[in-house]
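J.:
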Amino acid sequence: MHVLLIEDEDRLVATLRDGLRTAGITMDHARTGREGLAAALGSDHDAVILDIGLPDQEGFTVLRRLRAAGSDVPVIILTARTSAEDTVRGLERGADDYMPKPFSFDELIARIRLRARRRDDAEEDTTLRVGRCVLDPVARELACDGEPVPLSPRELQLAHLLMSHADRVVTRREALEAVWGSAARDNVLDVYIRYLRTHLGADAITTVRGVGYRFLG
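Going by our numbering, the first residue of the sequence shown is number 242, and it counts up by one from there.
1. For residue 382, report the span of its beta strand (DSSP E) as first-last.
2. Among 266, 411, 399 and 270, which has the Cα closest to the Cα of residue 432?
3. Give the DSSP bridge partners of residue 323, in chain order.
4. If residue 304 and residue 291 are in contact, beta carbons under 8 Å, what's the gap, nearest whole angstrom?
5. Helix, strand or coil for residue 283, going by three-state DSSP, please let me know.
6. Tell me whether residue 303 sits in a helix, a strand or coil according to DSSP, three-state version.
7. Determine the contact status of residue 384 and residue 371, defining contact as a CB-CB distance below 8 Å.
8. Per DSSP, what kind of secondary structure is residue 341 in: helix, strand or coil?
9. If you measure between the beta carbons of residue 335 and residue 394, is that distance less than 8 Å?
Right, dumping it as structure tokens:
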């Protein structure tokens, strides 16, 4: 496994390099946002570990530009900035996970492997068809009644989860863990279900009270 670390704190860089090597993970390193973006777009990495407080630009800017360029590499934000506002900002711009410093090294390794595995699984997925909706997980496109539906990365991830399990109810905890991981806040799921219903129609997703949600399309 091969990851890219975008971080300017030398001591942390050395610690992560040694720890990742012990876990069987090789690491490239970029010190600035500009270098990090070029490295992320120029090489194939299994995941990117991204700091927010970089010397030349915010990590949020790097993330936004990375996604705008079409990269789907899993991004784990690792930062001392832990406010709810920053967490939401990072996730909305396409981060796959948001971990605070100080952090558990074992948890970081687990998150890297989990996100890389989910990316591999997504690349093997076939097109999903549920009701009037069709989702192509490779192209990251959703259409209903033949019309494209513009979704944010997080909305698309939630839609993919619900459509992948359209034969059953997806529990709230399952959805939170799958889509938001360690950054999960219980009320964020309600917000995103509301977003999806706005895009797809109120009847596209049914609520099973006290359990979760089911996609009808």
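Backbone N, C-alpha and C fix where the C-beta goes; we use that ideal spot for every residue, glycine too.
T.: Looking at the coordinates:
1. Boundaries of the beta strand (DSSP E) around residue 382: 382-385.
2. For residue 432, the closest C-alpha among the options 266, 411, 399 and 270 is that of 399.
3. Partner(s): none; residue 323 has no beta bridge.
4. With 8 Å as the limit, residue 304 and residue 291 qualify as a contact, their Cβ atoms being about 6 Å apart.
5. The three-state secondary structure of residue 283, taken from DSSP, is helix.
6. In this structure, residue 303 counts as helix in the three-state DSSP scheme.
7. No, the pair does not count as a contact, with Cβ atoms beyond the cut-off.
8. For residue 341, the three-state secondary structure derived from DSSP is strand.
9. Against a cut-off of 8 Å, the Cβ pair of residue 394 and residue 335 comes out as a contact.
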